[in-house]
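All remarks here apply to the structure that follows.
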Amino acid sequence: MMKAVFSGMRPTGKLHLGHLVGALHNWVRLQETYSCIYCVADWHALMGDYADSGNIRTYGREMVMDWLACGIDPKRSIIFVQSDVPEHLELQMFLSCLTPLGWLERNPTYKEQMREITTRDIQTYAFLGYPVLQAADILLYKAHAVPIGEDQLPHLELTREISRRFNTTYKAEIFHDCEGILTPTPRLPGLDGRKMSKSYGNTINLSDSPDEILAKVKNTITDPQRLRLKDPGHPDVCNVFSYYKAFVPAQEAATRVWCEAAEKGCTDCKKILADEVIEFLRPIRERRVKIAADPGVIEAVLKDGAARARAIAVATMQEVRKAVLR
Ligand code: TRP
Ligand code: SF4
Numbered sequence: 001m002m003k004a005v006f007s008g009m010r011p012t013g014k015l016h017l018g019h020l021v022g023a024l025h026n027w028v029r030l031q032e033t034y035s036c037i038y039c040v041a042d043w044h045a046l047m048g049d050y051a052d053s054g055n056i057r058t059y060g061r062e063m064v065m066d067w068l069a070c071g072i073d074p075k076r077s078i079i080f081v082q083s084d085v086p087e088h089l090e091l092q093m094f095l096s097c098l099t100p101l102g103w104l105e106r107n108p109t110y111k112e113q114m115r116e117i118t119t120r121d122i123q124t125y126a127f128l129g130y131p132v133l134q135a136a137d138i139l140l141y142k143a144h145a146v147p148i149g150e151d152q153l154p155h156l157e158l159t160r161e162i163s164r165r166f167n168t169t170y171k172a173e174i175f176h177d178c179e180g181i182l183t184p185t186p187r188l189p190g191l192d193g194r195k196m197s198k199s200y201g202n203t204i205n206l207s208d209s210p211d212e213i214l215a216k217v218k219n220t221i222t223d224p225q226r227l228r229l230k231d232p233g234h235p236d237v238c239n240v241f242s243y244y245k246a247f248v249p250a251q252e253a254a255t256r257v258w259c260e261a262a263e264k265g266c267t268d269c270k271k272i273l274a275d276e277v278i279e280f281l282r283p284i285r286e287r288r289v290k291i292a293a294d295p296g297v298i299e300a301v302l303k304d305g306a307a308r309a310r311a312i313a314v315a316t317m318q319e320v321r322k323a324v325l326r
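Per my numbering, the sequence shown starts with residue 1, numbered consecutively.
Here it is as structure tokens:
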């Protein structure tokens, strides 16, 4: 039997190149060697922004269209919405009982968010417990491997600690350790050099039109020291160059040469890149348009996914209840 992969994304808006390079490529690839379960983590989105819940459902549907367009295959993989499988909440409750407050309060991801997020109210009981629901997601399906970004590693560590504590407390052998799978590609910066994120308005979205892509690439910040065409550039500090590395690896060396030797100006360099990114996204964009034309497809995928996910979740919960409540 193939080992299980589980991962999730919060539905918070359109997916962008950062999601593609940082997660989706990995997700697609893993379908070859694992039996994969991909979850629209709508309850996690709610925990992070309970007051603005109105878009979560639409964003979830949009996100699944992006997933399918990128090559997540609903026949091979289970694609489902977290809130269609209530067992996630039930397992979260069992796990909450044995999770010490200190583990959650010491979580570096939580501490960073408490310092940095000021635009939404995350001073809540649910937000502190965010990693416990994430542990429930993973453990419900007894996943062996979890593709995630680096910021999520502390949550995976908590998942292991929680599952071990569960097994010891109830003298059960229900859960095993899971390992994280990080993407091989380095993080793709946004158009302004900061992390690519919707909240910074510096993204190229998977559904952007060629004109939008061209306009966005034109506005990208390059090597700040290269003011004139004759100034030699420094590709390693240039955003445009990191996009070359990610999307046009065959041209990385040539780009370095024309930049450092001041053979081409940034305007030309960007134009070439924009064309490459447009071509790169073309098949995804075309598939996306087809999928969006028939919303029934998405509903059917999610219905089937929920049924398949639930069959696994129900079986795990039977074991859990038996171990705890006897
Ligand atoms: N917390 C993850 C994120 O924000 C999303 C997520 C929810 C997840 N449940 C998960 C990731 C389970 C991996 C496994 O990126
Ligand atoms: Fe960046 Fe290209 Fe300009 Fe060099 S030529 S600084 S790589 S945009």
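Yeah, the Cβ is synthetic: ideal placement off N, Cα and C, and Gly gets one too.
Per-residue DSSP class, three states only, for residue i
{"i": "E279", "result": "helix"}
{"i": "K264", "result": "coil"}
{"i": "H16", "result": "strand"}
{"i": "N205", "result": "strand"}
{"i": "A51", "result": "coil"}
{"i": "K195", "result": "strand"}
{"i": "A4", "result": "strand"}
{"i": "A293", "result": "coil"}
{"i": "V248", "result": "coil"}
{"i": "F175", "result": "coil"}
{"i": "L229", "result": "coil"}
{"i": "R321", "result": "helix"}
{"i": "Q123", "result": "coil"}
{"i": "D223", "result": "coil"}
{"i": "K75", "result": "coil"}
{"i": "H234", "result": "coil"}
Candidates the options: closest to residue i by CA position
{"i": "S209", "options": "F280, E150 and Y141", "result": "F280"}
{"i": "H328", "options": "D192, L17, I272 and D137", "result": "Only positions 1 to 326 of the chain appear in the structure, and residue 328 is not among them; the question remains open."}
{"i": "A143", "options": "C39, G265 and G54", "result": "C39"}
{"i": "A293", "options": "M65, E90 and R160", "result": "M65"}
{"i": "G102", "options": "E90, G129 and M93", "result": "G129"}
{"i": "D151", "options": "K171, R187, R165 and F175", "result": "R187"}
{"i": "L17", "options": "T222, L206, P11 and C97", "result": "L206"}
{"i": "Y243", "options": "A261, L229 and E276", "result": "E276"}
{"i": "V324", "options": "F247, G233, T168 and A23", "result": "T168"}
{"i": "N107", "options": "V132, G60 and E90", "result": "V132"}
{"i": "P11", "options": "M2, I56 and K3", "result": "I56"}
{"i": "V320", "options": "I291, L91, M196 and D177", "result": "L91"}
{"i": "F94", "options": "Y59, S163 and A41", "result": "S163"}
{"i": "A51", "options": "T124, C97, E62 and N26", "result": "T124"}
{"i": "I78", "options": "Q318, C36 and P235", "result": "C36"}
{"i": "I312", "options": "P232, R256, L139 and I284", "result": "L139"}
{"i": "A246", "options": "P184, F127 and A69", "result": "P184"}
{"i": "P147", "options": "A250, V217 and L20", "result": "L20"}
{"i": "L24", "options": "L104, M63, I272 and Y141", "result": "M63"}
{"i": "L46", "options": "R228, R165 and F127", "result": "F127"}
{"i": "R226", "options": "V240, K216 and A215", "result": "V240"}
{"i": "F175", "options": "G149, Y141 and M196", "result": "Y141"}
{"i": "A172", "options": "N26, T316 and G48", "result": "T316"}
{"i": "I204", "options": "L273, G48, I291 and K3", "result": "L273"}
According to DSSP, residues forming a beta bridge with residue i
{"i": "V81", "result": "V40"}
{"i": "M9", "result": "V40"}
{"i": "V146", "result": "G180"}
{"i": "P189", "result": "K195"}
{"i": "S163", "result": "BP columns for S163 are empty, so no partner."}
{"i": "S35", "result": "A4"}
Outcome for residue i when other beta-carbon atoms lying within 10 angstroms are tallied against a minimum of 16
{"i": "R120", "result": "exposed"}
{"i": "S53", "result": "exposed"}
{"i": "K270", "result": "buried"}
{"i": "H44", "result": "buried"}
{"i": "M9", "result": "buried"}
{"i": "N219", "result": "exposed"}
{"i": "H155", "result": "buried"}
{"i": "V289", "result": "exposed"}
{"i": "G296", "result": "exposed"}
{"i": "Q134", "result": "buried"}
{"i": "C97", "result": "exposed"}
{"i": "Y59", "result": "buried"}
{"i": "L158", "result": "buried"}
{"i": "S199", "result": "exposed"}
{"i": "A261", "result": "exposed"}
{"i": "M196", "result": "buried"}
{"i": "P235", "result": "buried"}
{"i": "L182", "result": "exposed"}
{"i": "V217", "result": "buried"}
{"i": "A69", "result": "buried"}
{"i": "D223", "result": "buried"}
{"i": "A41", "result": "buried"}
Would the region 103-119 count as touching the region 71-79 if we require 3 or more Cβ pairs under 8 Å?
no
Pairs of beta-carbons, one from the region 29-47 and one from the region 189-198, closer than 8 Å: are there three or more?
no
Are at least three pairs of beta-carbons, each pair with one atom in the region 291-305 and one in the region 257-269, less than 8 Å apart?
no
Could you tell me whether the region 306-321 touches the region 84-99, using the rule of 3 or more Cβ pairs below 8 Å?
yes
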